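Novice:
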Amino acid sequence: MPFVPHTEEEINEMLSVIGIDSIDNLFDEIPAHLKIKGLEKVPAGLNEMSINRLMQQRAAKDGQPLCFIGAGSYDHHIPAAVWQITTRGEYYTAYTPYQAEASQGTLQLTYEFQSMMTALTGMDASNASLYDGATAMAEAVLMAVRSNRKSKSRKILVPRSVNPTYKHVTETIVKHQNIELVDVEIDSTTSKASMDALKAFSGEDITAVVISQPNFFGTLEDVDAITTWAHENNIVVIAVVNPLSLAILKPPGIWGDNGADIAVGDGQPLGAPMSSGGPYYGIMTCKKAFVRQMPGRIVGRTVDQEGREGFVLTLQAREQHIRRSKATSNICTNQGLVVTASTIHMSLLGPEGLKQTALSCHSNTQKLVEKLSAIDGVEIVFDQPRFHEAVIKINKSAADVLAKLAEQNILGGLDLSADYPEMKDCILVCATELRIAEDIEIFATALAAALK
Amino acid sequence: MLIFEHSASGRKTKIQSTSGNEMPTDIPASLLRDEKPGLPEVSEMQAVRHYTSLSQKNFSIDTHFYPLGSCTMKHNPRVCNSLAMLPGFLSRHPLAPEKLSQGFMECMYELQEMLCDVTGMAGFSLAPMAGAQGEFAGIAMIRAYHDANGDTERKEILVPDAAHGTNPATATMCGYTVKEISTLANGDVDIDVLKEAVGPQTAGLMLTNPSTLGVFERRIEEIAKIIHDVGGLLYYDGANLNAILGKIRPGDMGFDVIHSNLHKTFSTPHGGGGPGSGAIGVAERLKPFMPMPGVKKIGNEFQWLTEEDCPHSIGRMSAFFGNPGVLLRAYIYMRLLGAEGMQRVGEFATLNANYMMAQLKARGFEAAIPDRYASHEFIITLKKQAKELNVSAMDFAKRLLDLGYHAPTTYFPLLVPECLLIEPTESEAKEMLDGFVEALVQVQQEAETDADMLHNAPYTMPVNRLDEVRAAKQLDLAWSAESKA
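Which chain is which? The protein sequence lines are A and B, in order. Under the working numbering, read the first sequence as residues -6 to 445, first letter to last. Under the working numbering, read the second sequence as residues 114 to 598, first letter to last.
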């Protein structure tokens, strides 16, 4: 009986206090024909030795390939201390900090996290996290619709250079509220959002525009020009950023005339392992004027009765447990534990460590691009300023070549043709700080062989 | 002290990164950062010490009894964590090809199958990342189902007044209006009110069973019939699934779509606020609408579901595949329990709750629904204490912290005045339950002799009661070098 501590004697004592003969009596109110005899698809229980064996076999099966895919999930170094501290029971097994006095650890850490996020993004305020980068973009769109009182259209411009899955998820979440996501063309030579395509909307009633920096192809967008243009047209600016890149790139808080209004992104590069796609967390930051429209938990600093510094969940009147059907979002549980890891991660790296990591990613990717472009049958498609991802085009079927590389335990990148039919045989590749020269050499050699 | 206050400009810890890289010349200066971000500059030891000492300011399951009603704070087995964090799982890129993912996909497929079995549903999607997202997926599927049938005039979702706040918030996000259904004093949904409320405008009903009042909805089959007769669908909020695990199944009760909080029933950690998983189960007719992605088995091979499998899918809920680290922990937990262990969960969670309720009643406390068996949780109302002694449920809750117990859920459900919603879970031993009863009795005695003392509790925490009004009015949401509380 795993994890149930009762002895026979205790059970009998408890039953007699309740005044019944057997545990089954407690289910007397349930119609008898609804009770099940047993479970068919749940096997017999395992002990810890057996589950160890089973899971080790399963984990080993997946081969730990050499990874050159990014596309929203990145293979970064994580200091040993990060998850050792994060999985202390006091963080790992606590609930949402409803009883503030007994949750100052989680609350203070979350306040520190919010502070780190505003420092990185240059924005005024951060919440305590959303689920992931894609849902953070969806919530940013909803927030922009609530905030932009000058706009009635509920039209959101989304350049095709924004992560297509983020757009898909946003569509799933906002479509029931009469919100329209409008595709904006990209410049086919640079992969950047086309300024001409954007300017075609000048003077129209548009609620918000999404700008991704770097964009899905790794290319750096003209964020200043787009931000300024958007504000001239009363359009709310939603930035989608990679937080690691912000160690070296201009933060969204100072883009263009007056900075982005809302900045979101995925926190995975800051301490979360790739782990098949999660748990990661969604970053949500904004300017002061937007704070009361922000979804999710927010921690504030205050004082107790004796004037001592302390931390509480604040602005709860926005949330579902108070506002019910009029809440800013239905979100309740967030990604707290990953935020804990991320906060410790940022403390251990500091501004210089994050900057050096971002720079290593950049220089490794430039080396990768150089190495791959020297191979016969490979060309670099968008030769633009970039951050740690690039697009190559090969002269054979991308699907076939990637399958061949996988046989050699190499993940050679993401085939772009599914989301961008015009980019046939184009592959999105990525090198983080962990893909050192030796790894790049292995990839280049295998790719050259596959293209022969 | 904040981590920032341990910081000293220029302190670098070179061990976690390469060093000596210069700012790139191939990126225009206008796109680069010119000031370093205001992150802390501390040594590894300073960071480790700071975050270890912060952790010690938390109550948690590992350190304290945590009978938070509706949250199912059961033991989180350590092996679930260590195995979910095997390098093979952590290093799998979410877009790795199927051939290099069979180990992971096999776990996910089996998890789907086991969840179908314990809930009596025909299909399961692991995509939603928390209960609220599961609710969203469920209500979006209900909407997509009606739309696919050309049934576009259904504008209303019914929700009992005892429901979690996420229910009405979710219905709104899916474009529905919400109508509340009242609850009888015995905890059952008021069937007469329900009958009056339903009609051609009804898209569905969201129900928690056992309800948030801690009792089983006895007329569930009748409710299902009322909803189905008008063409609506029935949604099961799985927050209280722990109460009936292995005993009865939502699918057999007539529910069309359910979410299961794997971080409650299947013991994945709450992590100080998340991550969770709101895996979602559906009846046969809703299978084509399930969110993506999912796993199927063809021969001995595991493959991702495609659009052909779910032609009317409501879409994707996350950038990749929900929260796989959480899903792995739930899978491991279910394999440890097995079929028999699963059954014991519902039984012993219910035994513990009823034992505590009986003990508290015997010691003079008033149960909100005294004449019925509790499910896995029950409610004590302190309205008498509030009136006669001027001591609130919040005062009781805060004082319990001093006595070494996390407080139960307070002021929820909203319809019971001055309530404590108590959920002990199956993993607590009798001695702990007895200790908690004695602690409540002690607080009751203190209330009778020194009510003022309770108004200022707790006394032994790192801080006492915090000024929430100030927190909301003088917003201080981020540290900066100039700011000071």
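For every residue, glycine included, the Cβ atom is placed at its ideal position computed from N, Cα and C. These numbers come from a predicted model, not from an experiment.
Once you ignore the five residues that flank Arg429/B on each side, which residues in its own chain have a CB closer than 6 Å to its CB?
Specialist: Within the second sequence, the letter at position 316 stands for residue 429/B. Excluding residues up to 5 positions away in sequence, Met405 lie with their Cβ nearer than 6 Å to the Cβ of Arg429/B in the same chain.
Novice: When the Cβ atoms of the stretch 403 to 421 of chain A are set against those of the stretch 388 to 395 of chain A, are three or more pairs found closer than 8 Å?
Specialist: yes
Novice: I want to verify the contact list: residues of chain B whose CB lies under 9 Å from the CB of Phe20/A, in sequence order.
Specialist: As a first step, residue 20/A is located in the first sequence; it is residue number 27 there, counting from the start. Correct list: Phe329, Ile357, Lys360, Ile361, Gly459, Glu460, Thr463 and Tyr486.
Novice: So, helix, strand or coil for Asn447/A, using DSSP?
Specialist: In this structure chain A extends from -6 to 445, so residue 447/A is not present and cannot be described.
Novice: Taking just the CA atoms, how far does Leu213/B sit from Trp417/B?
Specialist: Indexing the second sequence from 1 puts residue 417/B at position 304. Indexing the second sequence from 1 puts residue 213/B at position 100. Using only the alpha carbons, I get a separation of about 13 Å.
Novice: Who are the Cβ neighbours of Gln401/A in its own chain at under 7 Å, not counting the five residues just before and after it?
Specialist: Taking the first sequence and counting its residues from 1, one reaches residue 401/A at position 408. Around Gln401/A: Ala439.
Novice: Am I right that Ala232/A and Gln261/A are in contact with their C-beta atoms under 8 Å? What's the rounded C-beta distance?
Specialist: Locating residue 232/A in the first sequence gives position 239, where the first residue counts as 1. Locating residue 261/A in the first sequence gives position 268, where the first residue counts as 1. Their Cβ separation, rounded to whole angstroms, is 17 Å, which puts Ala232/A and Gln261/A out of contact at 8 Å.
Novice: Taking only beta carbons into account, state which residues of the stretch 181 to 215 of chain A come closer than 7 Å to chain B, listed in chain order.
Specialist: Leu213
Novice: Can you tell me which residues form a DSSP beta bridge with Ala257/B?
Specialist: Counted from its first residue, the second sequence places residue 257/B at position 144. Answer is none; Ala257/B lacks a bridge partner.
Novice: How close, in whole Å, do the beta carbons of Glu219/B and Arg285/A come, if the pair is a contact with beta carbons under 8 Å?
Specialist: Locating residue 219/B in the second sequence gives position 106, where the first residue counts as 1. Locating residue 285/A in the first sequence gives position 292, where the first residue counts as 1. Their Cβ separation, rounded to whole angstroms, is 46 Å, which puts Glu219/B and Arg285/A out of contact at 8 Å.
Novice: Any C-beta of chain B sitting closer than 8 Å to the C-beta of Leu174/A?
Specialist: Working through the first sequence from its first residue, we reach residue 174/A at position 181. Judged by the 8 Å Cβ criterion, Leu174/A is not in contact with chain B.
Novice: Can we say the stretch 84 to 101 of chain A touches the stretch 163 to 171 of chain B, given the rule of at least three CB pairs closer than 8 Å?
Specialist: yes
Novice: With 16 other CB atoms within 10 Å as the buried threshold, where does Lys597/B fall?
Specialist: The count along the second sequence starts at 1 and reaches residue 597/B at position 484. Because Lys597/B carries a pLDDT of 46, less than 50, the predicted location of this residue cannot be relied on, and no value is offered for it.
Novice: Just to confirm my understanding: we take Arg362/B, look at its own chain, exclude 5 residues before and 5 after, and list those with CB closer than 6 Å. What are they?
Specialist: Within the second sequence, the letter at position 249 stands for residue 362/B. Sequence-distant partners of Arg362/B (beyond 5 residues in either direction) whose C-beta falls short of 6 Å from its own C-beta, in its chain, are Thr232 and Gly233.
Novice: Leaving out five residues before and five after Ile166/A in sequence, what residues of the same chain have Cβ atoms less than 6 Å from its Cβ?
Specialist: Locating residue 166/A in the first sequence gives position 173, where the first residue counts as 1. Excluding residues within five positions, the ones whose Cβ falls inside 6 Å are Ala131.
Novice: Helix, strand or coil for Glu132/A per DSSP?
Specialist: Position 139 of the first sequence, counted from the first residue, corresponds to residue 132/A. It is helical.
Novice: With DSSP run on the structure shown, which of helix, strand or coil describes Trp417/B?
Specialist: In the second sequence, counting from the first residue as 1, residue 417/B sits at position 304. Strand.
Novice: Less than 8 Å between CB atoms is the rule here; does Ala598/B satisfy it with respect to chain A?
Specialist: Numbered from its first residue, the second sequence carries residue 598/B at position 485. Low local confidence applies: a pLDDT of 43 at Ala598/B is under 50, so the model's placement there is unreliable, with the coordinate-based value given in what follows. True, the Cβ-Cβ gap to chain A drops below 8 Å.
Novice: Using a C-beta to C-beta distance shorter than 7 Å, which residues of chain B count as neighbours of Ile291/A?
Specialist: Taking the first residue of the first sequence as position 1, residue 291/A is located at position 298. The contacting residues are Leu590.
Novice: Can the beta-carbon of Ser505/B be found closer than 8 Å to that of His188/B?
Specialist: Position 392 of the second sequence, counted from the first residue, corresponds to residue 505/B. Position 75 of the second sequence, counted from the first residue, corresponds to residue 188/B. No. Outside cutoff.
Novice: Mind checking which residues open and close the beta strand (DSSP E) that includes Ala232/A?
Specialist: Locating residue 232/A in the first sequence gives position 239, counting from the first residue. That run of the beta strand (DSSP E) goes Val229 to Val234.
Novice: Step through the CB atoms of chain A and report whether any lies within less than 8 Å of the CB of Gln555/B.
Specialist: On the second sequence, position 442 is the one that residue 555/B refers to. At a cut-off of 8 Å between C-beta atoms, Gln555/B does not count as an interface residue with respect to chain A.
Novice: Should Lys160/A be labelled buried (16 or more other beta-carbon atoms within 10 Å of its own) or exposed?
Specialist: As a first step, residue 160/A is located in the first sequence; it is residue number 167 there, counting from the start. So Lys160/A counts as buried.
Novice: Using only the alpha-carbon positions, how far apart do Ile62/A and Ile241/A sit?
Specialist: Along the first sequence, read from residue 1 onward, the residue named residue 62/A stands at position 69. Along the first sequence, read from residue 1 onward, the residue named residue 241/A stands at position 248. Whole-angstrom Cα-Cα distance: 22 Å.
Novice: Take Gln170/A and list the residues in its own chain whose beta-carbon comes closer than 6 Å to its own, dropping the five residues that flank it on each side.
Specialist: The residue labelled residue 170/A in the question sits at position 177 within the first sequence. Cβ neighbours of Gln170/A beyond the five flanking positions: none.
Novice: Taking Cβ positions only, does Glu551/B come closer than 8 Å to chain A?
Specialist: Here the question's residue 551/B lines up with position 438 in the second sequence. No, because no Cβ of chain A sits closer than 8 Å to the Cβ of Glu551/B.
Novice: To test your reading of the DSSP string, which unbroken alpha helix (DSSP H) runs of 4 or more residues are found completely within the stretch 430 to 496 of chain B?
Specialist: 437 to 475
Novice: Check whether chain B comes within 8 Å of Gln286/A, counting only Cβ atoms and requiring the distance to be less than that.
Specialist: Here residue 286/A refers to the residue found at position 293 when the first sequence is read from its first residue. By this cut-off, Gln286/A is not an interface position.
Novice: For Ala432/B, decide whether its Cβ has a neighbour in chain A, counting only Cβ atoms nearer than 8 Å.
Specialist: On the second sequence, position 319 is the one that residue 432/B refers to. With 8 Å as the cut-off, Ala432/B counts as an interface residue toward chain A.
Novice: Closer than 9 Å by beta-carbon distance: list the chain B residues that pair up with Asp217/A, in chain order.
Specialist: In the first sequence, the residue the question calls residue 217/A occupies position 224. In chain order: Ser143 and Leu144.
Novice: Since I believe Glu363/A is in contact with Leu115/B (beta carbons under 8 Å), could you give me their beta-carbon distance rounded to a whole number of angstroms?
Specialist: The residue given as residue 115/B occupies position 2 in the second sequence. The residue given as residue 363/A occupies position 370 in the first sequence. Rounded, the Cβ-Cβ distance is 44 Å, inconsistent with contact.
Novice: For Asp369/B, which option in Pro526/B, Phe237/B and Val576/B has the closest C-alpha, if you only look at C-alpha atoms?
Specialist: Against the second sequence, residue 369/B aligns to sequence position 256. Of Pro526/B, Phe237/B and Val576/B, the residue nearest in Cα terms is Phe237/B.
Novice: In chain A, which residues lie with their C-beta within 8 Å of the C-beta of Gly389/B?
Specialist: For the purposes of this step, residue 389/B is taken as the residue at position 276 of the second sequence. Going along chain A in sequence order, the residues near Gly389/B (Cβ under 8 Å) are Thr326.
Novice: Spell out whether any CB of chain B is found under 8 Å from the CB atom of Thr86/A.
Specialist: Here residue 86/A corresponds to residue number 93 of the first sequence, with the count starting at 1. At least one chain B Cβ lies under 8 Å of Thr86/A.
Novice: Under 6 Å Cβ to Cβ from Pro137/B, same chain only, skipping five residues before and after it: list those, please.
Specialist: Start at 1 with the first residue of the second sequence, and residue 137/B comes out as number 24. Answer for Pro137/B: no residue qualifies.
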